[in-house]
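Chemist:
Number of protein chains: 2
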Amino acid sequence: MTDNAALASELRLAVHRLTRTLRNQRPVDGLSLSQLSALVTIWREGPLRAGDVAAREGVKPPSATRVLAALEALGLISRGPDPTDGRQVTLAVTPAGSARIDEDIKARDAWLAQRLSVLGDDDRQLLERAVAVLKQLAEQ
Amino acid sequence: MTDNAALASELRLAVHRLTRTLRNQRPVDGLSLSQLSALVTIWREGPLRAGDVAAREGVKPPSATRVLAALEALGLISRGPDPTDGRQVTLAVTPAGSARIDEDIKARDAWLAQRLSVLGDDDRQLLERAVAVLKQLAEQ
DNA sequence: TATTGTTATACTCTATAACTATA
DNA sequence: TATAGTTATAGAGTATAACAATA
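Chains as they are written, first to last, in our numbering: chain A, 50 to 189; chain B, 50 to 189.
(1) What residues are listed by DSSP as bridge partners for V64/A?
(2) Measure the alpha-carbon distance for E121/A versus A148/A and round it to whole angstroms.
(3) So, does the CB of T68/A fall closer than 8 Å to a CB anywhere in chain B?
(4) Given a limit of 9 Å on CB to CB distance, which residues of the segment 143-167 of chain A reach chain B?
(5) Classify R157/B: buried if its beta carbon has 16 or more other beta carbons within 10 angstroms, exposed otherwise.
(6) Which chain B residues sit within Cβ distance under 7 Å of A63/A?
(7) Within the continuous alpha helix (DSSP H) that includes S112/B, where are the two ends?
(8) Can you tell me the Cβ-Cβ gap for R61/B and L71/A, rounded? I've got them flagged as a contact below 8 Å.
(9) Got a sec? Which residues, its chain only, sit under 7 Å from I150/B by beta carbon, not counting five neighbours each side?
(10) Taking C-beta pairs closer than 7 Å, name the residues in chain A that S58/B reaches, listed in chain order.
(11) Helix, strand or coil for P96/A, going by three-state DSSP, please let me know.
(12) Classify D153/B: buried if its beta carbon has 16 or more other beta carbons within 10 angstroms, exposed otherwise.
(13) Return the CA-CA distance between K109/B and P110/A, expressed in angstroms with no decimal places.
(14) Taking all protein chains shown into account, do 16 or more other C-beta atoms lie within 10 angstroms of the C-beta of G146/A, making it buried, or fewer, making it exposed?
(15) Using the C-alpha atoms, what's the distance from L67/A back to T139/A?
(16) Alpha carbon to alpha carbon, how far is D172/A from V142/B? Give it in angstroms, no decimals.
(17) What are the residues of the segment 79-108 of chain A that lie near chain B, defined by any Cβ-Cβ distance shorter than 9 Å?
(18) Check the DSSP bridge columns for S127/B and list the partner residues they point to.
(19) Cβ of L120/A less than 8 Å from any chain B Cβ?
(20) Answer with yes or no whether the minimum CB distance from A141/A to chain B is below 8 Å.
(21) Measuring only the C-alpha atoms, how far is P130/B from S81/B?
(22) Taking the C-alpha atoms as reference points, what is the distance between R178/B and L85/A?
(23) Keeping to the same chain, check which residues put their C-beta closer than 8 Å to that of L117/B; ignore five residues upstream and five downstream.
(24) From M50/B to G107/B, what distance separates their C-alpha atoms?
(25) Which residues bound the alpha helix (DSSP H) around V182/B?
(26) Around the C-beta of S166/B, are 16 or more other C-beta atoms found within 10 angstroms, so that it is buried, or is it exposed?
(27) Mind checking if R75/B is an interface residue toward chain A, Cβ cutoff 8 Å exclusive?
(28) By how many angstroms is the C-alpha of L186/B removed from the C-alpha of R164/A?
(29) Please state whether the Cβ-Cβ distance between V64/A and V182/B is less than 8 Å.
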């Protein structure tokens with residue numbers, strides 16, 4: 050029972066398609082999905098080292114380097130040396146970064162929020178619970 | 050209540066991360082997510098024109114062209130002219146493509162199916178219902 | 001030697017714009 | 001002119017391998 054293989058296929062397909070749709074909803078001049086995700090992580094969890102960001106985002110260090118370089122070029126995060134270990138760099142959200150988070154999240158998610166608003170309460174509650182399960186599945 | 054904006058953000062994040070995880074589970078020599086998705090679409094819905102594949106996959110024609118070229122190079126689909134309109138091409142799954150679907154889906158989804166198998170029945174049923182809602186959201 | 005981070009390179013996935021061929 | 005599809009090009013997102021700097 051519970052055909053896990055069939056559910057896995059359907060879930061993979063649904064997630065793949067929703068990702069495509071969400072990527073298309075990127076506002077003009079908005080941050081990309083990965084940039085926004087990394088920025089929020091640094092903002093929520095305080096100053097982080099580059100390796101910590103990579104770990105929390107679930108990506109390899111070179112992938113993090115690229116996203117962090119873009120955020121720094123935009124002035125949204127600042128990069129400082131670690132006082133006790135010269136190899137490490139410490140990333141923190143700047144005031145400009147902090148200001149961008151709210152507006153970018155709003156713009157980025159406006160489309161999805163609108164779609165959610167037309168769902169019934171049942172479906173919305175279903176999604177709220179499903180999000181927790183999806184996050185759990187995403188942990189490798 | 051039901052803060053649609055907050056749910057949108059959480060859902061976006063969860064879907065983004067699960068996509069990253071699933072992409073990493075690509076088996077050696079396995080088809081990519083987009084290749085497998087397109088192949089299954091053609092297999093399920095019979096011979097399709099290139100534009101139909103793009104529409105069903107929710108991508109633009111150039112994106113479909115690339116995926117279809119890869120599938121054809123692998124011998125998994127065949128390309129024929131439309132008898133009534135020389136501009137169109139008709140894609141069909143070959144016997145080799147048909148054979149690859151089962152094994153590739155199994156290999157691709159083995160990891161996820163295993164993760165699903167350790168969930169409780171409640172969570173599994175939750176996901177089954179959530180998949181339908183996610184697919185609906187993905188329709189632009 | 002081991003660890004942290006970056007650079008170099010490559011692949012997937014997708015897009016827009018420009019083109020070809022056919023209608 | 002309009003449509004179907006391809007080619008050219010670009011950018012996001014990620015990886016592995018090789019490197020530099022520091023521990």
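Cβ coordinates follow ideal geometry from the N, Cα and C atoms, glycine included.
Keep in mind that this is a model prediction, so the values were computed, not measured.
Modeler: Answer, in terms of the structure:
(1) According to DSSP, V64/A bridges with nothing at all.
(2) Taking the straight line joining both Cα atoms gives about 15 Å.
(3) For T68/A, at least one C-beta of chain B is nearer than 8 Å to its own C-beta.
(4) Considering only beta carbons, the part of the segment 143-167 of chain A lying closer than 9 Å to chain B consists of I154, K155, R157, D158, A159, W160, L161, A162, Q163, R164, L165, S166, in chain order.
(5) R157/B comes out buried.
(6) In chain order: V180, L183, K184, A187.
(7) S112/B -> alpha helix (DSSP H) spans 110-122.
(8) Contact between R61/B and L71/A holds, with the beta-carbon distance rounding to 6 Å and staying under 8 Å.
(9) Correct list, in chain order: L88, V89, W92.
(10) Residues of chain A with a Cβ closer than 7 Å to the Cβ of S58/B are, in chain order, I154, D158.
(11) When secondary structure is reduced to three states using DSSP, P96/A falls in the coil class, being assigned neither helix nor strand.
(12) Classification of D153/B: buried, given that the 10 Å Cβ count is 16 or more.
(13) Their Cα atoms are separated by approximately 32 Å.
(14) Residue burial is scored here from C-beta neighbours: G146/A has at least 16 other C-beta atoms within 10 angstroms and is therefore classed as buried.
(15) If you take the alpha carbons of T139/A and L67/A, they lie about 33 Å apart.
(16) Cα to Cα, V142/B sits roughly 36 Å from D172/A.
(17) So the close ones are L82, S83, L85, S86, V89, E106, G107, V108.
(18) Its beta-bridge partners are A141/B.
(19) It does not; no Cβ of chain B falls within 8 Å.
(20) Not one chain B Cβ lies under 8 Å of A141/A.
(21) Between the alpha carbons of P130/B and S81/B lies a gap of roughly 26 Å.
(22) Whole-angstrom Cα-Cα distance: 29 Å.
(23) Excluding the 5 residues flanking it on each side, L117/B has same chain C-beta neighbours closer than 8 Å at A87, A99, V102, I126, R128, L140, in chain order.
(24) In this predicted model, M50/B has a pLDDT of only 40, less than 50, meaning its place in the structure is not dependable enough to derive any value.
(25) Counting along the chain, the alpha helix (DSSP H) containing V182/B begins and ends at 170-187.
(26) Label assigned to S166/B: exposed.
(27) Not an interface residue.
(28) Their backbone Cα atoms lie some 7 Å apart in a straight line.
(29) At a Cβ-Cβ threshold of 8 Å, V64/A and V182/B do not count as neighbours.
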